[in-house]
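For the sequence shown, the numbering used here gives the first residue as 7, with consecutive numbering after it.
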Amino acid sequence: MPTSEILDALPGHQVIGTLPAAVTGIADDSRRVAPGDCFVAVPGFRQDARRFVADAVARGAALVVTEGEPLADVAVAQVLVPSARAAVGRLAAAYHRHPSRDLTLVGITGTNGKTTTSYLVDALLQAVGLRTGVIGTIQYVIGDERRPAGQTTPDALEIQSMLARMREQGIRGVAMEVSSHALVQSRVDDLTFDVAVFTNLTQDHLDFHGTLAAYRAAKRRLFELLEASPKPRRTAVVNADDPAGADMVRGLRVPTLTFGLGAGAVIHAVEHTSTMQGIRLVAETPPGRLTLTSPLIGEHNVMNLLGAVGVGVALGLAPEAIARGLGRVATVPGRFEQVHAGQPFLVLVDYAHTPDALERVLATARKITGGRLAVVFGCGGDRDRGKRPIMGEIAARLADRVWVTSDNPRSERPGAIVDEIVAGVRRVAGDPARIVAEPDRRAAIAGALAWAGRGDTVVIAGKGHEPYQIIGADVLTFDDRDVARDILMHREAESP
């Protein structure tokens, strides 16, 4: 990449030293620097990459981009910029020749529903013959290649690299989950979106954002990026039933489609039913009334379907094509996913890890349960502590029996997290026998499954698709679905 192109991508820069004619790549981790690379030293939230400039130069970096004062004793040229974090995205986009400009890119943000909506959008795009890619919480999909996701939205270098590979492989449509962290950290600033979707906003990530207002502002950033996009059909698709929906687009000059259950939304449900067999939805849309049948289970998925309908309308798809595509999504891993092992009761695994998500999942489970309802859940360590007692209250209010256990405790003491959740459970649960505090997650799941009888339902919430559990510095193999299935198979084998 010619150095002149680097400078063109970095407004407000200052050059210190003699620039090389070109660089061979871009890196923001000194351990990944190859000879001839440009190293971007980003002040981090946990570590400051400026401390590793010497290591980057020793590994062959030909140029350093950083912010603030010039660094002393650096043997290569430096380019000073107002924000090194923003520079990473700009350079990555320029290096890969702005791949998002050649793709139909749908960005999805919100507290809950991003993953399911991304699967639905992917199916929509495939239904009209596009090769597709997905970037999200569960996995990254590039054509036939699938790999587990490291984080919901990767860093800017990886995003641009993935999009470039998608373009090379003939992929034309991409569904992308966009986290609030990614928006604050400028990971997606240099993407050109065709459609931006807002699912909902409820309490989460306050350990990072500090306040709900800051969290809401982070989500709005996606729609500011949409407004700046040069795409001719750029459209916002916003949940009108959520109080924060109007905030996402207030004051922005961008075409907007609202969706919701009420008739005030542009795309709204005329009628809908949700059973264990799936969802039947009749929706009014600008191009006409649409009727679809989805195998997805749960009242909360009605809103996810309506949001995906909005994407289809925004992209100019016919109602028949929208219904056909959305009807293809039978399940989403770890989202209201059933575990079958011959038991006479229902076992559901769900990623619900926020108060709103837990309430929606348990409310849906209660509606479809003929017998009693149990829930097994915990809360993540080193994360928003304020939601722990709230989730405890919700569990006690909606379930007959509550097993409070560990999620990913990380550096926190598992018992301390459990105690904070139990405090909320006890505010609602009059009978102490309704509460079981068991920090060992496998033991808690086993206890709930042993308790359940014919016609009952057990919801195992919080981790969903995750195949691991983080305890301290250890990442242990643990998948709620596999653990539940193993326990159930032993139970059924031992039954007379």
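Every residue gets a Cβ at the ideal spot worked out from N, C-alpha and C, and that includes glycine.
DSSP three-state label for residue i, please.
i	result
Asp-356	strand
Ser-417	coil
His-346	coil
Gly-266	strand
Phe-58	helix
Met-182	strand
Glu-472	coil
Phe-441	Inspection of the sequence shows that residue 441 is occupied by Ile rather than by Phe. In the structure shown, Ile-441 sits in a strand (DSSP, three-state: E or B).
Phe-2	Absent from the structure is residue 2, since the part of the chain shown begins at 7 and ends at 502.
Thr-483	strand
Arg-4	This structure cannot speak to residue 4, because the chain is shown only from 7 to 502.
Arg-256	coil
Arg-447	helix
Leu-379	strand
Pro-8	strand
Gly-142	coil
Val-21	strand
Ala-467	strand
Ile-477	strand
Ala-220	helix
Ile-148	strand
Select from the options the residue whose C-alpha is nearest the C-alpha of residue i.
i	options	result
Phe-504	Gly-18, Pro-17, Ala-81	Residue 504 lies beyond the stretch modelled for the chain, which goes from 7 to 502, so this question has no answer here.
Ala-439	Val-428, Asp-446, Val-71, Leu-111	Val-428
Pro-70	Pro-26, Pro-105, Val-345, Asp-108	A quick correction: the sequence has Val, not Pro, at residue 70. If we check each option's Cα against that of Val-70, Pro-26 comes out closest.
Gly-74	Gly-430, Ile-22, Gly-66, Gly-113	Ile-22
His-187	Val-345, Arg-91, Arg-103	Arg-91
Glu-174	Pro-420, Ile-273, Asp-108	Asp-108
His-471	Gly-459, Arg-487, Gly-478, Arg-37	Arg-487
Ala-565	Gly-135, Val-134, Ser-192	What is shown of the chain runs 7 to 502, which leaves residue 565 out entirely.
Ser-417	Ile-477, Ile-396, Thr-122, Pro-445	Ile-477
Leu-302	Gln-344, Val-85, Val-255	Gln-344
Ala-98	Val-85, Pro-160, Pro-292, Ser-167	Ser-167
Glu-326	Glu-290, Thr-370, Tyr-221, Glu-365	Glu-290
Val-134	Val-319, Ala-369, Asp-388, Thr-370	Val-319
Glu-426	Leu-404, Met-397, Ala-435, Asn-414	Met-397
His-102	Val-431, Gly-430, Asp-437, Met-7	Met-7
Gln-53	Asp-35, Arg-65, Ala-60	Asp-35
Leu-16	Arg-96, Val-29, Ala-162, Ala-83	Arg-96
Gly-31	Thr-24, Ala-67, Thr-205	Ala-67
Taking the C-alpha atoms as reference points, what is the distance between residue i and residue j?
i	j	result
Asp-128	Val-338	12 Å
Arg-37	Ala-62	7 Å
Arg-227	Ile-148	26 Å
Asp-43	Val-243	40 Å
Arg-334	Pro-473	25 Å
Lys-237	Gln-157	27 Å
Leu-231	Thr-264	18 Å
Thr-9	Gln-20	13 Å
Leu-321	Ile-441	49 Å
Pro-445	Ala-458	20 Å
Val-255	Asp-210	21 Å
**Prompt:** What are the uninterrupted segments assigned as beta strand (DSSP E) that are 3 or more residues long and contained completely in the segment 62–137, given in chain order?
**Reply:** Correct list: 69–73, 83–87, 110–115.
**Message:** Quick test of the definition: if touching needs 3 or more C-beta pairs under 8 Å, does the segment 407–415 touch the segment 447–467?
**Reply:** yes
**Asked** Quick one: any contact between the segment 175–189 and the segment 353–366, if contact means 3 or more CB pairs under 8 Å?
**Response** With the cut-off at 8 Å, the segment 175–189 and the segment 353–366 do not touch.
**Message:** Would the segment 371–384 count as touching the segment 448–455 if we require 3 or more Cβ pairs under 8 Å?
**Reply:** Contact holds: three or more Cβ-Cβ distances are below 8 Å.
**Request:** Mind listing, in chain order, the continuous alpha helix (DSSP H) runs of no fewer than 4 residues lying wholly within the segment 271–322?
**Result:** 306–320
**Message:** Quick check: the segment 102–116 against the segment 190–206, are at least 3 beta-carbon pairs closer than 8 Å?
**Reply:** yes
**Request:** Pair every Cβ in the segment 267–276 with every Cβ in the segment 137–147, then say whether three or more of these pairs are closer than 8 Å.
**Result:** Touching, no, given that fewer than three Cβ pairs across the two stretches are closer than 8 Å.
**Asked** Taking three-plus beta-carbon pairs below 8 Å as touching, is the segment 275–287 in contact with the segment 245–259?
**Response** no
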